[in-house]
Ligand code: CO
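Numbering (the working numbering), first residue to last: 721 to 853.
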C-alpha cells in the first residue's frame with residue numbers, strides 16, 4: 721500500500737540561491753540540511769504537511785545527481801512514495817513488467833529500505849519507494 725508522497729526532490733546547483741524562492745518567497749521552513757554521502761549530495765529538507773520538498777545539491781561532479789544537473793539543468797529529480805511493504809510493491813511492479821533500477825531495496829544508515837523505479841517504465845518520472853524501519 722502507498723502511504724503518502726514522502727518527498728519531491730529538486731536538483732539545485734546552489735542551496736542559498738534556491739532558498740530565495742523556496743524559503744524566502746514561498747515561505748517554506750528549512751528544517752535541516754544533511755549530507756548524504758552515498759548519493760554525493762547535500763539535502764535540504766523543507767517540510768510541507770506530511771511530505772517534504774528536498775533540495776538536492778551535488779557535492780561532486782561525477783555522481784548521478786551531478787550528471788543529471790549537468791545534462792538537464794535544475795528541476796524535479798524524483799518523486800518518493802512511502803510504502804508499507806516495499807518487497808510487495810516491487811513484486812507488484814515486476815508483475816506489470818515495470819523496469820526497476822533496484823531489483824532489491826538498498827538500506828540506508830537509518831534502516832530505511834529504498835528502491836528506484838526506472839523512468840522508462842513510468843512515463844519519464846524517476847520514482848523512489850521507501851519503507852521505514
Ligand atoms: Co529521494
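Ideal Cβ positions, reconstructed from N, Cα and C, are used throughout, including at glycine.
Coil, strand or helix - residue i by DSSP
i	result
residue 741	helix
residue 785	helix
residue 812	helix
residue 829	coil
residue 819	coil
residue 792	helix
residue 776	strand
residue 807	helix
residue 839	helix
residue 767	strand
residue 758	helix
Spatial distance of residue i from residue j (CA atoms)
i	j	result
residue 782	residue 762	14 angstroms
residue 805	residue 723	10 angstroms
residue 843	residue 798	12 angstroms
residue 814	residue 744	42 angstroms
residue 778	residue 816	33 angstroms
residue 776	residue 764	7 angstroms
residue 747	residue 770	16 angstroms
residue 729	residue 796	6 angstroms
residue 830	residue 792	30 angstroms
residue 801	residue 787	24 angstroms
residue 772	residue 726	6 angstroms
Nearest-angstrom Cβ-Cβ length linking residue i and residue j, presumed shorter than 8 angstroms
i	j	result
residue 767	residue 780	At roughly 27 angstroms, the Cβ-Cβ gap does not stay under 8 angstroms, so residue 767 and residue 780 are not in contact.
residue 818	residue 784	Not quite, the Cβ-Cβ distance comes to about 20 angstroms (not below 8 angstroms), so this is no contact.
residue 837	residue 820	6 angstroms
residue 756	residue 735	Not a contact, Cβ separation roughly 14 angstroms.
Residue i and residue j closer than 8 angstroms at C-beta
i	j	result
residue 731	residue 810	no
residue 846	residue 839	yes
residue 850	residue 834	yes
residue 825	residue 733	no
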